[in-house]
Amino acid sequence: MPTKVLVPLLGEGVEEVTVSKWLKQEGDSIEELEPLLEVNTDKVDTEIPSPSSGVILKIERQEGAVAKVGEVLAVIGKAGESLEDGGAPEEKTKEGKRKEGKSVQPSAVSAQPAVESQPASATRELGFISPVVAKIAAEHGVNLQDVPGTGLNGRITKNDILNFVENGKKKEVSVQPSAVNIQAASAPKVAPAAGDQLIKHSVIRKQISEHMVMSKRTSPHVMTVMEADMSKVVAHRKANKERFAHDGVNLTFTAYFMQAIVAGLKAYPNVNSSWTDEGLLIHSNINIGMATSLGEEGLIVPVIKGADGLSLLGMARTINDLANRARAKKLSPDDVKGGTFTLTNHGISGSLFAFPVINQPQCGILGAGAMQKRAVVATDADGNDSIAIRPMVYLSFVFDHRILDGASADWFLAKVREALENWS
6 MPTKVLVPLL
16 GEGVEEVTVS
26 KWLKQEGDSI
36 EELEPLLEVN
46 TDKVDTEIPS
56 PSSGVILKIE
66 RQEGAVAKVG
76 EVLAVIGKAG
86 ESLEDGGAPE
96 EKTKEGKRKE
106 GKSVQPSAVS
116 AQPAVESQPA
126 SATRELGFIS
136 PVVAKIAAEH
146 GVNLQDVPGT
156 GLNGRITKND
166 ILNFVENGKK
176 KEVSVQPSAV
186 NIQAASAPKV
196 APAAGDQLIK
206 HSVIRKQISE
216 HMVMSKRTSP
226 HVMTVMEADM
236 SKVVAHRKAN
246 KERFAHDGVN
256 LTFTAYFMQA
266 IVAGLKAYPN
276 VNSSWTDEGL
286 LIHSNINIGM
296 ATSLGEEGLI
306 VPVIKGADGL
316 SLLGMARTIN
326 DLANRARAKK
336 LSPDDVKGGT
346 FTLTNHGISG
356 SLFAFPVINQ
366 PQCGILGAGA
376 MQKRAVVATD
386 ADGNDSIAIR
396 PMVYLSFVFD
406 HRILDGASAD
416 WFLAKVREAL
426 ENWS
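If you're matching positions, the sequence shown starts at 6 in the numbering used here and goes up one per residue.
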C-alpha cells in the first residue's frame, strides 16, 4: 500500500511550511529515513526524511508551495503501484470520491491571486511614491492615479495628497485598501536587457525582503553611534581563550558584545520592549537574537534565551551551538522565536559600522563593527593626555523612535560601551 508523506509538526505554533527544495524527484528510489525534501518555516530550513523505502510515485506540493501540518507532500510506494490503492486522497478520481460519498475540498494551499492591474491606457507612471503619501492614500482610500502631482516630473507630494483629501475629491475605488498600498509603494518594473540573467528568489530571500520592508514601514528608525576601547576585552580574551578551548568552546568577541548588551538591557529595561497600541510592553526575559550569515542564501537570527542568566562561558558555548546549527540547517523553529533584542556583528566581514534594520517587534538592534587599532587620545589618572594606539570598535544602535528618544538611547549605548571598556 502506498505511503503518504505528511507535513509534520515542526514546532509549537507552526501550522504550515513552504516547500524549499525536493531532494528526490518522481520515479526516484529512496530508502527509509533518507532525506526527501527541505521545508521552510520562520526562515528555518528543515529536512523531512522519508517514512518508508520505495519509489516516489507522486509529488503533491512543488517547490515554493505552502502546505499545512497534516497535508500530503508526496506518495511513496512500489514501482508501478496505483495511487488509488491507498495513496493520497487528492489523487483519487472525482468519480471515485462520489462513489465513496466524500466531498471534494478545494486545495487549502493554492497561491494567493495577484492584485489585478488596471489597463495600461487607464494608468500613468506615478514614479516614486514616498511612504507618507502611500500611507495617507491607504488610510483615505485614495486612488493615486486620480491625484495630480505638482512635484518634480509630476511626482505626488504630501501636500498634493492632503489637498486632494481635504477638497473632497476622494473617489470610490474597486480594490481593497491593502491593494492600493501595494500599488502606491511598489517599485517600478525593470525590463531585462539582452544578456541579463534572472535568478529566482529563494524562500528565505523572499521572507527577508518582506520582513525588512515591513520593519521600515512600521518603526521610525533612528541610529546613534559610539566607539568603544576594547583593550580590556582583548586582554581578557587572550588570557582565557585557551582555557575555554579546553572545554570545547571557541571564545569569540560576540560573547563579550552579548554580555555587554545584557548589562545595558538590565540597566535600561525600556530597551527590552515592544510597542503596542495599548502601551509599551516590557519583556521580563532577555532573549537576544544573533544575526547569522548563511552566505548567499541570506541570514537567520537564532535566539539566545535567558541571556541574562548565562556566564561568559555559557554565552560562548550557546553562541557556538546556535551558529553551527544555523549554518548546518539544523535549527528548529523554536530556535528563532521569542527574541527581545538583536545583535548583528557585521564587523566579522570587515564593515566598520552599519545602519541595521530593526527585527520586529523589537525596540532596537545593535551593530558591532570591525575592531581596528586606531590612534586615540588617552588620559591618565592625573589628567594628562597622550596619543595611544588602542583596539577600537564602532557600536551602532538603531532604535524605534516611538519607544526611545535620543537621550535614553544614548544612555543604553553608553552602558554597553562601559561594560566593554571596564571588563574585568
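For each residue, glycine too, the CB sits at the ideal point set by N, CA and C.
Given the structure is predicted, the values throughout are model-derived calculations rather than measurements.
Check, Outcome
"Our contact map puts V24 next to V44 with C-beta atoms below 8 Å; I'd like the distance itself, whole angstroms only.", "6 Å"
"Using a Cβ-Cβ cut-off of 7 Å (strictly less than) and excluding sequence neighbours within five positions of W27, which residues of its own chain qualify?", "L42, I64, E68"
"Tell me whether the beta-carbon of G303 lies closer than 8 Å to the beta-carbon of R210.", "yes"
"DSSP three-state label for A116, please.", "Bear in mind that the predicted position of A116 carries a pLDDT of just 30, short of 50, making it unreliable; the figure below should be weighed with that in mind. Correct three-state label for A116: coil."
"Please identify the residue among I213, E21, A321, L409 whose C-alpha is closest to the C-alpha of R66.", "E21"
"Among R407, I353, V170, whose alpha-carbon lies nearest the alpha-carbon of L285?", "R407"
"Determine the direct distance from the alpha carbon of V267 to that of G343, and round the result to whole angstroms.", "16 Å"
"Under DSSP, the alpha helix (DSSP H) around R379 begins and ends at which residues?", "Not the alpha helix (DSSP H): R379 falls in the beta strand (DSSP E), residues 377–384."
"Quick one: which unbroken beta strand (DSSP E) runs of 3-plus residues sit fully inside the segment 274–298? Chain order, please.", "278–280, 285–287, 293–295"
"Give me the Cβ distance between H226 and V403, rounded to the nearest whole Å; I'm assuming they're in contact under 8 Å.", "6 Å"
"When DSSP labels each residue in this structure, what does T98 get in the three-state scheme?", "With a pLDDT of 38 at T98, under the threshold of 50, the predicted position of this residue should be treated as unreliable, though the coordinate-derived value follows. Three-state DSSP puts T98 in coil, outside helix and strand."
"Mark V218 as exposed unless 16 or more other C-beta atoms lie within 10 angstroms of its C-beta, in which case mark it buried.", "exposed"
"So what's W27 in DSSP terms, helix, strand or just coil?", "strand"
"So, is T281 buried or exposed, given that buried needs 16 or more other C-beta atoms within 10 angstroms?", "exposed"
"So, using beta-carbon positions, are T223 and G294 closer together than 8 Å?", "no"
"Please name the residue, chosen from Q264, N350, A333, that lies closest to K310 on a Cα-to-Cα basis.", "Q264"
"Could you tell me the distance, in whole angstroms, from the CA atom of R160 to the CA atom of L371?", "36 Å"
"Is it true that the segment 384–399 meets the segment 246–257, where meeting means three or more beta-carbon pairs spaced less than 8 Å apart?", "no"
"Taking the alpha-carbon of L318 as reference, which of V308, N245, A375 has the nearest alpha-carbon?", "N245"
"G369 lies in the beta strand (DSSP E); which residues open and close that run?", "369–373"
"Go ahead and pull the three-state DSSP assignment for D410.", "coil"
"Assuming N364 and V306 make a contact with CB atoms under 8 Å, what is their CB distance in whole Å?", "6 Å"
"What does a CB cutoff of less than 8 Å around F360 pick up in its chain, not counting 5 residues either side in sequence?", "H226, M228, G372, S401, V403"
"Identify, in the order they occur along the chain, each residue of the same chain with its Cβ nearer than 8 Å to the Cβ of T8, setting aside the five sequence neighbours on each side.", "P56, S57, G59, V80, I81, G82"
"Around the Cβ of P338, are there at least 16 other Cβ atoms within 10 angstroms (buried) or fewer (exposed)?", "buried"
"Indicate whether C368 and D405 have their beta-carbon atoms separated by less than 8 Å.", "yes"
"In whole angstroms, what separates the C-alpha of L409 from that of A419?", "14 Å"
"Give the C-beta separation of V398 and G352 to the nearest angstrom, bearing in mind that I take them to be a contact with Cβ-Cβ under 8 Å.", "7 Å"
"First and last residue of the beta strand (DSSP E) that includes R395?", "390–405"
"Could you give the distance in angstroms between the alpha-carbon of P193 and the alpha-carbon of Q30?", "37 Å"
"I need the straight-line Cα distance from D326 to P197, nearest angstrom please.", "43 Å"
"Report the rounded CA-to-CA distance for K73 versus T46, giving the unit in angstroms.", "11 Å"
"Are the Cβ atoms of A142 and I166 separated by less than 8 Å?", "yes"
"Using the Cα positions of E17 and K378, report the straight-line distance between them to the nearest angstrom.", "46 Å"
"Roughly how many angstroms separate the alpha carbons of D313 and I291, rounded to a whole number?", "6 Å"
"One question on the structure: do R422 and S236 come within less than 8 Å of each other, judged by their Cβ atoms?", "no"
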